[in-house]
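Numbering-wise (our numbering), the sequence shown opens with residue 24 and increments by one.
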Amino acid sequence: MPGSPKSSSSAPRILIVAGARPNFMKIAPILKEIRSRDDVDATLVHTGQHYDDRMSASFFRALGIPEPDHNLSVGSGTHGEQTAAVLTKIERLLIDEPPAAVLVVGDVNSTIAAALAAVKLGIPVAHVEAGLRAGDRAMPEEINRILTDAISDWLFTTERSGDENLQREGIPAERIHFVGNVMIDTLMANLERARELSTLEDFELEPQAYGLLTLHRPSNVDDPTVLSRLFSALEKIHADVPILFPTHPRTRSAISSLLGGETPALRMVEPIGYLDFLNLMANARLVLTDSGGIQEETTALGTPCLTLRENTERPITLTEGTNVLCGTDPDRILAAAREIIDVGGRKGSRPEFWDGQASKRIVDVLVESLEARA
Ligand code: UD1
């Protein structure tokens with residue numbers, strides 16, 4: 024069975040946790056690397072934080088991720104409810120079948136909940152994508168990042184700023200490992216396949232002649248004033264260059280509850296699967312987003328990105344990549360978009376270790392370290 028640990032093996036077993044959409048492209052290459060080796064074993068747990076086919080199962084299919092060994096089916100809820108449900112359910116699993124280590128990725132509620140359950144049971148925790156800081160504690164993810172990093176044994180960073188942030192917070196240097204970006208491992212492994220798809224024809228778009236928009240941060244979509252100001256700028260850009268807007272479920276319900284169902288004059292579509300979305304990013308004139316991961320993916324692709332936030336936890340996308348921080352002021356967004364449309368965006372370069380080998384570096388560190396502990 025593809026999802027099961029290698030039964031006869033005495034190799035250390037790492038329990039990998041994924042819960043929400045941005046986790047799936049991060050665990051895929053790590054799981055693949057572990058499954059290709061004899062000196063380490065893996066179990067996959069899906070917390071069920073995201074559960075719609077378009078937010079979850081479609082990513083498993085596209086990326087060839089095996090069925091999870093366990094699905095905790097926690098679903099939606101308040102932050103407290105969701106975090107508590109993962110904590111309670113995963114704790115039981117860790118008691119019944121203790122792994123050698125637990126590996127968590129990113130900064131969602133499932134990340135901190137699983138890390139907390141493990142560390143209290145004396146099971147060491149590896150955090151992939153450690154050290155990112157937006158400097159904004161109003162972001163739920165920032166709290167998840169700080170807490171997860173504080174209790175992790177291995178902190179795997181994607182950019183050097185992460186190492187500096189962790190050292191400033193007093194994390195011992197020997198726990199910090201700069202390994203690069205697993206999400207870019209997945210991007211590089213799938214780009215060619217994605218480019219062969221008929222996504223642009225399906226949406227009747229021409230290469231370099233459309234914008235791609237995602238919006239789901241609570242600070243942008245839960246406040247009707249912010250949301251309608253954003254839409255006023257985006258609709259003006261759409262009049263020049265059509266904007267395709269795959270709409271997150273949170274945003275769709277905000278539009279119907281906060282804006283009285285008045286939909287923006289953009290091309291709103293359902294959430295799009297990994298490969299089609301990658302193809303759309305690779306061919307877009309510009310991408311507008313409040314996502315963290317998309318800032319990195321556009322930098323890796325060389326596609327201009329406008330980030331509709333006041334801060335970013337991924338500063339290398341600004342200093343080396345194609346990202347520009349625009350905030351939520353309509354005039355600023357409009358001016359930045361016009362510049363890209365008229366004269367082209369920043370070219371940028373691919374950051375250090377965003378080279379498709381991050382997962383291998385991570386698993387090498389873990390195996391060596393677990394062997395030394397055995
Ligand atoms: C979560 C993460 C965020 C990440 C985002 C990517 C936290 C704190 N936030 O935010 O960091 O960028 O995922 O999507 O963990 N819903 C569905 N179907 C689903 C999942 C959610 O309809 O499969 C709806 C529900 O109404 C739910 C809402 O979306 O209440 C929000 O889902 P939730 O997991 O709470 O947070 P996200 O906004 O998705």
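Cβ atoms here follow ideal geometry from the backbone N, Cα and C, with glycine treated the same way.
Bear in mind that the values here come from a model prediction, so they are computed numbers and not experimental data.
Which residue's Cα is closest to the Cα of R160: R369, N334 and E343?
Your numbering for residue 160 matches position 137 in the sequence shown. Closest by alpha carbon: N334.
Looking at the unbroken alpha helix (DSSP H) that takes in E90, where does it start and where does it end?
One-based indexing of the sequence shown puts residue 90 at position 67. Taken as a continuous stretch (DSSP letters only), E90 belongs to no alpha helix (DSSP H), as it is neither H nor E.
Mind checking who N334 pairs with in its DSSP beta bridge?
The count along the sequence shown starts at 1 and reaches residue 334 at position 311. Paired residue(s): none; N334 is not in a bridge.
Report back the beta-carbon spacing between R218 and A305 to the nearest angstrom; my notes put them in contact at under 8 Å.
Position 195 of the sequence shown, counted from the start, is the residue given in the question as residue 218. Position 282 of the sequence shown, counted from the start, is the residue given in the question as residue 305. Indeed, because the Cβ distance is near 6 Å, the residues count as touching under 8 Å.
Classify G154 as helix, strand or coil using the three-state DSSP reduction.
Within the sequence shown, residue 154 is the residue found at index 131, counting from 1. Here G154 sits in coil by DSSP.
Is the closest heavy atom of ligand 1 to the C-beta of E219 under 8 Å?
Taking the sequence shown and counting its residues from 1, the one referred to as residue 219 is at position 196. Because no heavy atom of ligand 1 lies under 8 Å away, the Cβ of E219 does not count as near it: no.
Closer than 6 Å by C-beta to R44: which residues in its own chain qualify, once you throw out the five before and the five after it? Chain order, please.
By 1-based counting over the sequence shown, the position of residue 44 is 21. Once the five neighbours on either side are set aside, the close Cβ partners of R44 are H73 and M78.
Any non-hydrogen atom of ligand 1 within 8 Å of S314 CB
Here the question's residue 314 lines up with position 291 in the sequence shown. Answer for S314: yes, Cβ within range of ligand 1.
Could you give the C-beta distance for L144 and I118, rounded to a whole number, given that I count them as a contact under 8 Å?
One-based indexing of the sequence shown puts residue 144 at position 121. One-based indexing of the sequence shown puts residue 118 at position 95. At roughly 7 Å, the Cβ-Cβ gap stays under 8 Å, so L144 and I118 are in contact.
From A136, V127 and L86, residue whose alpha carbon lies closest to that of E104:
As a first step, residue 104 must be located in the sequence shown, where it is residue number 81. Per the Cα distances, A136.
Top-ranked residue by Cα proximity to G234, from R384, T321, R216 and D130
Here residue 234 is taken as the residue at index 211 of the sequence shown, counted from 1. Cα-wise, what sits closest to G234 is T321.
With distances taken from CA atoms, which of G367, G284, D352 and R290 is nearest T326?
As a first step, residue 326 is located in the sequence shown; it is residue number 303 there, counting from the start. Comparing Cα positions, the closest option is G367.
Can you tell me whether S27 is helix, strand or coil according to DSSP?
Stepping through the sequence shown from its first residue, residue 27 is reached at position 4. Bear in mind that the predicted position of S27 carries a pLDDT of just 47, short of 50, making it unreliable; the figure below should be weighed with that in mind. S27 carries a coil assignment under DSSP once its states are collapsed to helix, strand and coil.
For ligand 3, is there a heavy atom less than 8 Å away from the beta-carbon of Q231?
The ligand content of the structure shown is limited to ligand 1, which means ligand 3 is not among them.
Across the segment 292-302 and the segment 263-277, are there enough close Cβ pairs to call them in contact, namely three or more that are closer than 8 Å?
yes
Provide the residue(s) that pair with N272 in DSSP beta bridges, ordered along the chain.
Working through the sequence shown from its first residue, we reach residue 272 at position 249. As written in the sequence, residue 272 is Pro, which differs from the Asn given in the question. Bridge partners of P272: none, in fact.
In this structure, what does DSSP give as the bridge partners for I39?
As a position in the sequence shown, residue 39 is number 16, starting the count at 1. L67 and L126.
Given G316, which residues of its chain have a CB within under 7 Å of its CB, disregarding the five upstream and five downstream residues?
The residue labelled residue 316 in the question sits at position 293 within the sequence shown. Answer for G316: P45 and M206, listed in chain order.
Backbone CA spacing between P25 and K259 [nearest angstrom]
Within the sequence shown, the letter at position 2 stands for residue 25. Within the sequence shown, the letter at position 236 stands for residue 259. Low confidence applies to P25: its pLDDT is 42, below 50, so where it sits in the model is not reliable, and the reading given next is rough at best. For P25 and K259, the distance between alpha carbons rounds to 49 Å.
Contact set for I381: own chain, Cβ-Cβ below 6 Å, skip 5 residues either direction:
Translated into the one-based positions of the sequence shown, residue 381 becomes position 358. It should be noted that the sequence gives Ala, not Ile, for residue 381. Here the set comprises V202, G203, N204, V205 and D208.
Identify the residues that DSSP records as bridge partners of W177: which are they?
Start at 1 with the first residue of the sequence shown, and residue 177 comes out as number 154. According to DSSP, which records beta bridges pairwise, W177 is partnered with A149.
Does any heavy atom of ligand 1 sit closer than 8 Å to the C-beta of M78?
Taking the first residue of the sequence shown as position 1, residue 78 is located at position 55. Yes, the beta carbon of M78 sits closer than 8 Å to at least one heavy atom of ligand 1.
Per DSSP, what kind of secondary structure is G234 in: helix, strand or coil?
The sequence position of residue 234 within the sequence shown is 211, counting from 1. Here G234 sits in strand by DSSP.
What is the DSSP secondary structure of H261, counted as helix, strand or coil?
On the sequence shown, residue 261 is found 238 positions in, with the first residue counted as 1. H261 falls in the helix class under three-state DSSP.
Would you mind stating whether G129 and K49 have Cβ atoms separated by less than 9 Å?
Within the sequence shown, numbered from 1, the residue matching residue 129 stands at position 106. Within the sequence shown, numbered from 1, the residue matching residue 49 stands at position 26. Yes, the Cβ-Cβ distance between G129 and K49 is below 9 Å.
Taking the alpha-carbon positions, what's the A65 to E120 distance?
Residue 65 sits at position 42 when you count from the first residue of the sequence shown. Residue 120 sits at position 97 when you count from the first residue of the sequence shown. A65 and E120 have their C-alpha atoms roughly 12 Å apart.
When you measure from the CB of P241 to every non-hydrogen atom of ligand 1, does any distance come out below 8 Å?
Position 218 of the sequence shown, counted from the start, is the residue given in the question as residue 241. A distance criterion of 8 Å places the beta-carbon of P241 in contact range of ligand 1, judged by its closest non-hydrogen atom.
Considering just the uninterrupted stretch of the alpha helix (DSSP H) at F1, what are its terminal residues?
Only positions 24 to 397 of the chain appear in the structure, and residue 1 is not among them; the question remains open.
Any chance the CB of D186 is under 8 Å from a heavy atom of ligand 1?
Taking the first residue of the sequence shown as position 1, residue 186 is located at position 163. Checking every heavy atom of ligand 1 against the Cβ of D186, none is found closer than 8 Å.
Where the alpha helix (DSSP H) through L117 begins and ends:
On the sequence shown, residue 117 is found 94 positions in, with the first residue counted as 1. Segment H102 to D119, the alpha helix (DSSP H) holding L117.
Select from L250, F82 and I166 the residue whose C-alpha is nearest the C-alpha of E285.
Here residue 285 refers to the residue found at position 262 of the sequence shown. Among L250, F82 and I166, the Cα nearest to that of E285 belongs to L250.
Since V244 contacts L236 with CB under 8 Å, what's their CB separation in whole angstroms?
To locate residue 244, count along the sequence shown from 1; it is residue 221. To locate residue 236, count along the sequence shown from 1; it is residue 213. The pair is not a contact, with the Cβ atoms about 12 Å apart (cut-off 8 Å).
Grab the span of the alpha helix (DSSP H) containing I207 for me, first residue to last.
As a working mapping, residue 207 is identified with position 184 in the sequence shown. Residues V205 to R218.
Separation of E197 from I57, as counted between CA atoms
Against the sequence shown, residue 57 aligns to sequence position 34. Against the sequence shown, residue 197 aligns to sequence position 174. Answer to the nearest angstrom: the Cα atoms are 23 Å apart.
Buried/exposed call for E224, threshold 16 Cβ in 10 Å:
Taking the first residue of the sequence shown as position 1, residue 224 is located at position 201. Result: exposed.
Any heavy atom of ligand 1 inside 8 Å of the beta-carbon of Y297?
Here residue 297 refers to the residue found at position 274 when the sequence shown is read from its first residue. Answer for Y297: no, Cβ out of range of ligand 1.
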